[in-house]
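Presented below is the structure to which this report refers.
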Amino acid sequence: MPLPSLHPVGASFPRANGAQLAAGSAAYVDDLRPAGLLFGAVLRAGRPHARILRIDTRRAERLKGVACVLTGHDIPVNAYGPLLQDQPVLCTDKVRYEGDPVVALCAESWAAAAEAARLVRVEYEDLPVVSDPEEAIRPGSPLLHEAHPTGNLVLEWKIRRGNLDAGFAEADLIVEERYQSRTQEHASIETHICMAEVDANGRLAVHVSSQTPYQIRFNVSRVLKLPIARVRVLSASAGGGFGGKHEPMLEPLAALCALKTGRPVKFRMTREEEFTASTIRHSLAMDYKTGVTRDGRITARRLRLLLDGGAYCSYGETTASKAALMGAGPYRVPNLHVDSLLTYTNNGIAGAVRGFGVTQTTYACECHMDTIARRLEMDPLDFRRRNAMQAGDAAHSGDVIRSCGFAEALDAATREVNWGAIGGGRTSPCGRKRRGRGLAAMIYPVGFTAAANPSGAFARVNEDATLTIYTGCADVGQGAHVILRQIAAEELGVDLESVHIVTGDTDLAPLDLGSVASRVTHIGGNAVRRAVAKAKGFLLRKAAQMIEAAEEDLEIADGKIAVKGAPDRCRTLPEVALKCHRDGEIPIAEGAYNPPGLHLDKTTGQGKPYDCYVFAAHAAEVEVDMDTGECRVLQLAAAHDVGRAVNPMNVEGQIEGGSLQGYGFGMLERIRYKGGIAQNPNLHDYLIPTALDGPARMKPIIVETEEPTGPFGAKGVAEPALNPTTPAILNAIYDAVGARITDLPATPEAVLRAMGMINGRH
1301 MPLPSLHPVG ASFPRANGAQ LAAGSAAYVD DLRPAGLLFG AVLRAGRPHA
1351 RILRIDTRRA ERLKGVACVL TGHDIPVNAY GPLLQDQPVL CTDKVRYEGD
1401 PVVALCAESW AAAAEAARLV RVEYEDLPVV SDPEEAIRPG SPLLHEAHPT
1451 GNLVLEWKIR RGNLDAGFAE ADLIVEERYQ SRTQEHASIE THICMAEVDA
1501 NGRLAVHVSS QTPYQIRFNV SRVLKLPIAR VRVLSASAGG GFGGKHEPML
1551 EPLAALCALK TGRPVKFRMT REEEFTASTI RHSLAMDYKT GVTRDGRITA
1601 RRLRLLLDGG AYCSYGETTA SKAALMGAGP YRVPNLHVDS LLTYTNNGIA
1651 GAVRGFGVTQ TTYACECHMD TIARRLEMDP LDFRRRNAMQ AGDAAHSGDV
1701 IRSCGFAEAL DAATREVNWG AIGGGRTSPC GRKRRGRGLA AMIYPVGFTA
1751 AANPSGAFAR VNEDATLTIY TGCADVGQGA HVILRQIAAE ELGVDLESVH
1801 IVTGDTDLAP LDLGSVASRV THIGGNAVRR AVAKAKGFLL RKAAQMIEAA
1851 EEDLEIADGK IAVKGAPDRC RTLPEVALKC HRDGEIPIAE GAYNPPGLHL
1901 DKTTGQGKPY DCYVFAAHAA EVEVDMDTGE CRVLQLAAAH DVGRAVNPMN
1951 VEGQIEGGSL QGYGFGMLER IRYKGGIAQN PNLHDYLIPT ALDGPARMKP
2001 IIVETEEPTG PFGAKGVAEP ALNPTTPAIL NAIYDAVGAR ITDLPATPEA
2051 VLRAMGMING RH
């Protein structure tokens, strides 16, 4: 592919490591095999709720090849968590879900470690199990965390905007519905894995496959009571993340084993452990009540969202807040009340998953919008247009939306599926199969809710005017590093091949919060751009001396620094860069970005929780078999407002991958629990979509707007890509057969049940 010379932003470039990934030659943590390597295993509870009476590790310790056995009493600070430190590294007094870790050990082989874990004896007293969120918050329900001040109610987010009673009084029609979403496993190809080793000076090096290496460093240092300077985290290639590699799972255990044995130690989760012991998507019960006028104007909306957080808080606060703040959709709602409640249960821990709660509420909100439109006998597209947010409008938190391509996304997606050709999308019956069209839309924020979102970068201009960027942003398959290189090249005015990224080592780059929350392009990109701008200042000052011109009169173009309007008065970038280095004025600089002014009142949900918002609309056409309930997605058009598309090919890839993941969320995936125990913890009984399962035709559509807070106008696309897919398909199913799916996933049995052709529950 030809490389555009000096304007990389807006051009499509392949990822630098794409060929390695495709060929299987990229280096992963499991490829690390240092001399003396030990292998770890974790004994987990295997029961959902119990008191620990006794732990006997003697037989395991005597087994040949066992080097170290740990219990919770060996952990210096035996509690961690991103918001509440409610999660033990190893349990000592109680287990709260089946995946809770009780004993960790390492041995000379995987087999020896597994055998040693089987030899550990733990005596339990089983406790009553609570697996339903509604039951969990009733008075008298069994408590998971007795010291938590609000019992099994972890926390609550509220939005109070306008006058709800007056809004409903103004309405000509009021519609109430309940929707239920279910759990979803990240299902990364690579399971959780890490390796820790200690150097001759007693310093820890922790090799990870992580989205958040700096959070791993912080947690390891905190749990082990080590200075941060004694912990170095190195990131290898990652075989997927999707939010699952957001917080520590095995790293403190590997680190402590390495410190105790003086040898490198590797821990790796099995696929079953991924289902039973890692975090999963929150299931939500969502009650929607909306008032509208006859002409389709929304007057009021009331939401109650109940999140199953599982045994520990994890990233439940962020999920509950985003679900609340985005739950009313990309629509003007003058009178809005939202209650978003996060609960403890004895189910698996729900944490960060691509979409952070907005995936669930988008499904409910957009199906609800479709129901209202049909009750009004109004085209679902026209109903959405009637209430669509625009630039300059207030978000549901009251802050101003600076850029908004929602209307353009609606038009682009529906045009692609020929929406208006057959009234509202319905097609004619064709034998036992019916076709229908559906539409769904979305608003999504960039970054964490009203919290610090820092990212830092270093930029160094080398003697030949090539550029080295040091960043902590992890690339976990999303193509982050080519995006950051493009932003850096555009800022300096050089071609992409002149920019090199140094990453994957917490010793070399400043802190970054992580490749999560759709923040890398916007927040990480801003940090990189600022660092390069400062480094560029060295060149401009030196060139001003060399050319004998005022610095403000200079510009960089075509690889030169020249006087504006007098291009012959110039020096090449390599000449200026070399002069800087020889004069001891090294053009190296730091840049940082932390979205300014973020705040939110938790009792009203009003404030400025995010830097910017992205918008999207998906339109789907489906074919439903009336006899079997099987649904085939014939086409899906996915239009996304991403601000400026830094790398269009990368954006399209994110939209395609996210849309397929959204298909899995809505049509296939659910971890089934019985009494807190997962019934399908494997990829045979838990189905994820392949490329053959998704839409027969998928069309990603880029809608560009100019976001004033973003680097070159960019916002982001990573998480939003999956959110509207499920409701677009479900609305198309309703259009085809008149069956409304209110409980996921929409399996063939669920479709037949909604059509009234079979009885029973999921």
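To convert, take the position in the sequence shown, counting from 1, and add 1300; that gives our numbering.
We treat Cβ as the ideally placed atom computed from N, Cα and C, and that holds for glycine.
Query, Result
"Rounded C-beta distance between residue 1630 and residue 1706? I'm assuming under 8 Å.", "5 Å"
"So what does DSSP say about residue 1750, is it helix, strand or coil?", "coil"
"Curious, which full-length beta strand (DSSP E) runs of at least 3 residues does the region 1955-2036 contain?", "1997-2004"
"Considering residue 1415, what are the terminal residues of the beta strand (DSSP E) in which it resides?", "Segment 1410-1419 is the alpha helix (DSSP H) holding residue 1415; no beta strand (DSSP E) there."
"In this structure, what does DSSP give as the bridge partners for residue 1915?", "1743 and 1941"
"From the DSSP secondary-structure annotation, give me the bridge partner or partners of residue 1588.", "1477 and 1603"
"Could you tell me the distance, in whole angstroms, from the CA atom of residue 1881 to the CA atom of residue 1768?", "15 Å"
"Whose C-beta lies closer than 6 Å to the C-beta of residue 1827 among residues of the same chain, with five residues either side of it excluded?", "1755, 1756, 1757, 1891, 1892 and 1893"
"Less than 7 Å between the beta carbons of residue 1344 and residue 1399, yes or no?", "yes"
"Suppose contacts are defined by Cβ-Cβ distances below 7 Å. Is residue 1642 in contact with residue 1692 by that definition?", "no"
"Can residue 1350 be considered in contact with the ligand SAH, in the sense that its beta carbon sits closer than 6 Å to one or more heavy atoms?", "Ligands displayed in this structure: none; no statement on the ligand SAH is therefore possible."
"What are the boundary residues of the beta strand (DSSP E) that residue 1497 is part of?", "1493-1498"
"What is the C-beta distance between residue 2103 and residue 1592, in whole angstroms, given that I count them as a contact (C-beta under 8 Å)?", "As displayed, the chain neither begins before 1301 nor continues past 2062, which places residue 2103 out of reach and without an answer."
"Between which two residues does the beta strand (DSSP E) holding residue 1800 run?", "1799-1802"
"Between which residues of its own chain and residue 1787 is the CB-CB distance below 6 Å, once the five residues before and five after are set aside?", "1825, 1828, 1829 and 2011"
"With respect to the alpha helix (DSSP H) encompassing residue 2064, which residues constitute its N-terminal and C-terminal limits?", "Nothing about residue 2064 can be reported from this structure: the residues present for the chain run from 1301 to 2062 only."
"Please return the same chain residues whose Cβ sits closer than 8 Å to the Cβ of residue 1689, not counting the five positions on each side in sequence.", "1630, 1631, 1632, 1695, 1701, 1704, 1706, 1743 and 1915"
"Pick from 1815, 1797, 1796 and 1795: whose alpha carbon is nearest that of residue 1804?", "1815"
"Relative to the C-alpha of residue 1544, which candidate in 1481, 1491 and 1517 has its C-alpha closest?", "1491"
"Ignore the nearest five residues each way along the sequence and tell me which others in residue 1723's own chain have a CB closer than 6 Å to its CB.", "Note that residue 1723 has pLDDT 47, beneath the 50 cutoff, so the model's placement of it is unreliable and the number below is only indicative. Counting only Cβ-Cβ distances below 6 Å, and skipping sequence neighbours, we find nothing."
"So what does DSSP say about residue 2077, is it helix, strand or coil?", "Nothing about residue 2077 can be reported from this structure: the residues present for the chain run from 1301 to 2062 only."
"Alpha carbon to alpha carbon, what distance is there between residue 1550 and residue 1735?", "48 Å"
"Within 10 Å of its beta-carbon, does residue 1313 have 16 or more other beta-carbons around it, so buried, or fewer, so exposed?", "buried"
"Return the first residue and the last residue of the beta strand (DSSP E) that residue 1489 is part of.", "Here residue 1489 belongs to no beta strand (DSSP E), and DSSP marks it neither H nor E."
"Does the region 1359-1372 come close enough to the region 1435-1451 to have 3 or more Cβ pairs within less than 8 Å?", "no"
"To the nearest angstrom, report how far apart residue 1477 and residue 1716 are at their CA atoms.", "30 Å"
"Counting pairs of beta carbons, one from the region 1327-1336 and one from the region 1787-1798, are three or more of them closer than 8 Å?", "no"
"Starting from the N-terminal side, write out each stretch of the beta strand (DSSP E) that is 3 residues or longer and does not extend beyond the region 1758-1820.", "1767-1771 and 1799-1802"
"Does the beta-carbon distance from residue 1337 to residue 1507 come in below 7 Å?", "no"
"Taking the C-alpha atoms as reference points, what is the distance between residue 1317 and residue 1978?", "37 Å"
"Ignore the nearest five residues each way along the sequence and tell me which others in residue 1708's own chain have a CB closer than 6 Å to its CB.", "2003"
"Rounded to whole angstroms, what's the CA-CA distance from residue 1449 to residue 1455? Just pull it up for me.", "10 Å"
"Since residue 1484 is in the alpha helix (DSSP H), which residue starts that stretch and which ends it?", "Run containing residue 1484: none; DSSP gives neither H nor E here."
"Could you tell me the distance, in whole angstroms, from the CA atom of residue 1746 to the CA atom of residue 1618?", "12 Å"
"Cutting at 7 Å between CB atoms, please list the residues of its own chain near residue 1750, excluding the five before and the five after it.", "1898, 1899, 1900, 1907 and 1909"
"Give me, in chain order, the residues of the same chain whose beta-carbon lies closer than 7 Å to that of residue 1602; leave out the 5 immediate sequence neighbours on both sides.", "1464, 1589 and 1637"
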